[in-house]
Amino acid sequence: MGRMEIMTGRERRRRWSVEAKLSILEEAARPGISAAAVARRHDILPQQLYAWRRRYRRGGSDAEGAISFLPVELVHADGAGPETTAQPVRTPDARVEIVCRNGRAVRIDATMDVERLGALIRAVEAA
823 MGRMEIMTGR ERRRRWSVEA KLSILEEAAR PGISAAAVAR RHDILPQQLY AWRRRYRRGG
883 SDAEGAISFL PVELVHADGA GPETTAQPVR TPDARVEIVC RNGRAVRIDA TMDVERLGAL
943 IRAVEAA
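The numbers in the working numbering rise by one with no breaks, and the one at position 43 of the sequence shown is 865.
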């Protein structure tokens with residue numbers, strides 16, 4: 823049987839810290855875990871979880887200053903594994919491919935400015 827809360831008096835409104843929201847969103851983003859199960863575990867509605875996710879993807883006010891880390895896999899253009907003796911070389915024609923959360927890929931020059939890259943990725947993920 824599920825947990826039931828009976829509240830009397832004024833409706834309560836919980837306040838979630840940015841760290842708590844990010845922790846819950848990170849938990850919901852793990853492979854094989856449903857957002858509904860995470861929402862139940864934290865006693866929130868799945869709609870609230872989706873709203874937080876949308877807000878952070880759009881760079882909402884709660885997301886300011888928030889840092890997100892995503893897994894990165896280095897792959898050679900020919901599909902071979904990484905060479906342990908090779909040193910990174912930055913040449914003007916070096917290209918980087920970034921696969922966003924929504925599955926879209928962005929191919930850029932390796933020398934692209936970080937601020938412009940961030941704006942580009944945000945635009946691609948919002949599209």
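Beta carbons are placed, not taken as given, at the ideal position from N, Cα and C, and that holds for glycine.
- When DSSP states are grouped into helix, strand and coil, R929 belongs to the strand group.
- In the DSSP annotation of this structure, R837 is not part of any alpha helix (DSSP H), being labelled neither H nor E.
- Where V921 is concerned, the enclosing beta strand (DSSP E) starts and stops at 917 to 921.
- Check the Cα spacing between A873 and each of L896, E895, P893, L844: the tightest is with L844.
- Ranked by Cα distance from G824, the first of A858, R862, R837, A949 is R862.
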